[in-house]
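Student: Its first residue numbered 884, the sequence shown is counted upward by one per residue in my numbering. Just so it is clear, CB atoms sit at the ideal spot from N, CA and C, and this is done for glycine as well.
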Amino acid sequence: MAAHKPVEWVQAVITRFDEQLPIKVGHQNTHTKVSTEHNKECLINISKYKFSLVISGLTTILKNVNNMRIFGEASEKNLYLSQLIILDTLEKCLAGQSKDCLRLDETMLVKQLLPEICHFIHTYREGHQYAAELRASASAVLFSLSCNNFNAVFSRISTRLQELTVCTEDNVDVHDIELMQYINVDCSKLKRLLQETALKFRALKKPAQLAVINSLEKAFWNWVENYPDEFTMLYQRPQADMAEAAEKLFDLVDSFAESTKRKAAKQFLDSLRKALSGQGGSKQLMESAAIACVKLCKASTYINWEDHSTIFLLVQPIVMDLKALLFNPAKPFWRGTGSQNADVELMMDCFVSCFRINPHNNQHFKVCLAASSPSTFHFVLVNSLHRIITNSHLDWWPKIDTLYCYSGELRFMFSDTLNRVIQGAGTHAPLRPTTSLTFKGKVTNSLKFKEKTTELDTRSYKCLLLALVKLIHADPKLMLHNPVKQAPEMQSSTAELITGLVQLVPLTNSTQLSQEAMEALLVLHQPETIELWNPDLPIETFWDISSQVLFLICRRLTSQQMVNGTDVLKWLREILICRNKFLLKNKVQDPESA
């Protein structure tokens, strides 16, 4: 039947997908979640053959959901979940788009989908409860859409730039200019953006110029991070037209800052260094210099040190000044209210870049590990380590095993933070997980226990604990490394780590933390990882610790103390499969297990 009536069949799947969204059925149970996921996978597969039909249907659903009137917190959450499901499905369909179906689809995408996606990016700003998640998901859709439909998005950006060149108002709408932050750009597309903005930059009002500068910078880093080989090749073989467009725009921005071309070319880096060390006489100038220097250090890591680039000579003198400014426990870097997320991101960029420039010059690492340092430093450390592990695709970047020697301190941080969160969970109302940082002020004190933990402290430690669990998930070896300990100490250390994670599985006030703990435990139960629990006594340690895990989880399940019991049972099945694989692999050493 499907072969004879493909349109009707596809439409039936789209309709079923629509009818089973949380906004239509209310709170989802396990059955409806599985059904929704199945419908989603069906549409993603169908889109490979009926792309226009699926995208058109999903766009219509998204538009209808966006226009729904809702009342109450439960309905708002169901709306948010529905939007996320639709956006995620759209992103995966667009990522699989065939390159031979562009022209008609592009017209349809521009007319229908692009305005809906822009609505999420433009409308949901800070303050909305689900702003960050919705904007991130919509940004991913726009990124995938722009891979094969760049002209459609570029046209929207270019048209808005042209409109702003003749606009006389100071308060202008720059939302469409900001789209360049989220699109997929390779070298040729970045060149088009540079040429277009250089052509129109001078005629723009100051707010539009600032939006262009900010958006272009993010577009540049998207290019570097997604196409690092192109960046390296461009350094080795410069393109005249690219260099011309970039230099022209730099001169325009430089004159915009009331400097001269000759002075900027001659003294720009010297001025940065002086401002960074506080010789500029202005706190704002020092902060701006810090941002520029971190970006310079970050860019240098994308060039192979074997190329003997001049940029390495430029960054070496500023690295120490940067670390002294950004990682000073006595005077934490802080640009004022509302800047904390940006400050932490800057510190993470600096941390990762310094590691890639010289992994053995790790004084800032020790500062961030210290119990007396602000908890913001701990958060920066853990998330930077996660970035080093998960983003190491260039051959010359040092690997995380250079830092395995600090596993003991990281385990202590995990145990200490876990105790904080468990202690707070019994005395405070459930806390929603958030992507925004909630650290207490700019000088939050150390991880040492205080007599009384405030709700803001608990929220802070919860963010840190989630980051630590993600770190274990990303590379369990980092936490299991115990080179100098005897077998009993090693077993005790591993047991403390794993049972700590088990405590998070039934946590009712943080689904994200519970889910991430289960993922980390599953990685720790992979046969090759179990052997690292205690290399001297692998079988004995396995039986001891794994039995504890099963006992603790099953006790909670049988006493019906788990809201997420069904999910835990599915996860427990995967744990048992891993156990059996390990026993099968080691049955020669342990005949009784066979």
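(1) May I have the straight-line CA-CA distance separating M926 from K1088, to the nearest angstrom?
(2) Cβ of L1354 within 8 Å of Cβ of L1268?
(3) Please work out which residues of its chain come closer than 7 Å, Cβ to Cβ, to C1176, disregarding the five sequence neighbours upstream and downstream, and give them in chain order.
(4) In this structure, does DSSP put E1127 in helix, strand or coil?
(5) When the Cα atoms are used, what is the spatial distance from I1271 to Q966?
(6) If you run the structure through DSSP and keep just helix, strand and coil, what is P1359?
(7) So, is E1399 buried or exposed, given that buried needs 16 or more other C-beta atoms within 10 angstroms?
(8) Three or more C-beta pairs closer than 8 Å, one from the stretch 966-981 and one from the stretch 908-928: is that the case here?
(9) Scan the stretch 1379-1412 and note each continuous alpha helix (DSSP H) run of 4 residues or more that stays entirely inside, going in chain order.
(10) L1261 by DSSP, collapsed to three states: which one?
(11) On the CB-based measure, 16 or more other CB atoms within 10 Å of its CB, does V890 come out buried or exposed?
(12) Output the boundary residues of the alpha helix (DSSP H) element that contains H1002.
(13) Under the rule that 16 or more other beta-carbon atoms within 10 Å means buried, what is R1043, buried or exposed?
(14) In chain order, which alpha helix (DSSP H) runs of at least 4 residues are fully inside the stretch 926-987?
(15) Figure out for me which residue from R1218, L1384, E1130 and T1115 has the closest Cα to the Cα of K1166.
(16) T898 to S1192, Cα distance in whole Å?
(17) Keeping to the same chain, check which residues put their C-beta closer than 6 Å to that of T1412; ignore five residues upstream and five downstream.
(18) Apply the 10 Å Cβ neighbour rule to C1346 and answer buried if 16 or more other Cβ atoms are within range, or exposed otherwise.
(19) Between N1266 and the rest of its own chain, which residues show a CB-CB distance below 7 Å, the 5 nearest in sequence each way excluded?
(20) Are at least three pairs of beta-carbons, each pair with one atom in the stretch 1071-1088 and one in the stretch 1122-1139, less than 8 Å apart?
(21) Do Q1374 and L1420 have their C-beta atoms closer together than 8 Å?
(22) Would you mind listing the beta strand (DSSP E) stretches within the stretch 1232-1305 that are 3+ residues and don't spill past its ends, in chain order?
(23) Return helix, strand or coil for D1112, following the three-state DSSP convention.
(24) Could you spell out where the alpha helix (DSSP H) holding K907 opens and where it closes?
(25) Helix, strand or coil for R1145, going by three-state DSSP, please let me know.
(26) From what residue to what residue does the alpha helix (DSSP H) around P1200 run?
(27) If you run the structure through DSSP and keep just helix, strand and coil, what is P1212?
(28) Look at F1195 and H1247 and say whether their C-beta atoms are less than 8 Å apart.
(29) Residue range of the alpha helix (DSSP H) that R1456 falls in?
(30) Rounded to the nearest angstrom, what separates R1462 and H1408 at their Cα positions?
(31) Closest to L1459 by C-alpha separation, out of F1216, F1151 and F1425, would be which residue?
(32) Report, in whole angstroms, the separation of the C-beta atoms of L1117 and C1050, which I expect to be a contact under 8 Å.
(33) Taking the alpha helix (DSSP H) that N1034 belongs to, which residues open and close that run?
Tutor: In short, the structure shows the following:
(1) This sequence places Leu at residue 926; Met is not what is there. One C-alpha to the other measures close to 45 Å.
(2) Yes, these two residues count as a Cβ contact at 8 Å.
(3) L1155, L1159, I1201 and L1205
(4) Helix at E1127.
(5) 32 Å
(6) coil
(7) Result: buried.
(8) yes
(9) 1394-1407, all fully within the stretch 1379-1412.
(10) First, the amino acid is wrong: residue 1261 is His here, not Leu. Of the three classes helix, strand and coil, the one that applies to H1261 here is helix, per DSSP.
(11) Burial call: exposed.
(12) L997 to T1006
(13) buried
(14) 934-949 and 956-978
(15) R1218
(16) 57 Å
(17) P1359
(18) C1346 sits buried, since 16 or more C-beta atoms from the chains shown fall within 10 Å of its C-beta.
(19) M1231 and A1350
(20) Yes: the two stretches touch, three or more of their Cβ pairs being nearer than 8 Å.
(21) yes
(22) none
(23) Helix, per DSSP.
(24) For K907, the enclosing alpha helix (DSSP H) begins and ends at P905 to V908.
(25) With a pLDDT of only 46 at R1145, under the threshold of 50, the placement of this residue in the model should not be trusted, and no figure is reported.
(26) T1193 to L1209
(27) coil
(28) no
(29) For R1456, the uninterrupted alpha helix (DSSP H) segment begins and ends at G1448 to K1468.
(30) In a straight line, the C-alpha of R1462 is about 7 Å away from that of H1408.
(31) F1425
(32) Going by Cβ atoms, the distance from L1117 to C1050 rounds to 34 Å, so no, they are not a contact pair.
(33) For N1034, the enclosing alpha helix (DSSP H) starts and ends at F1033 to T1048.
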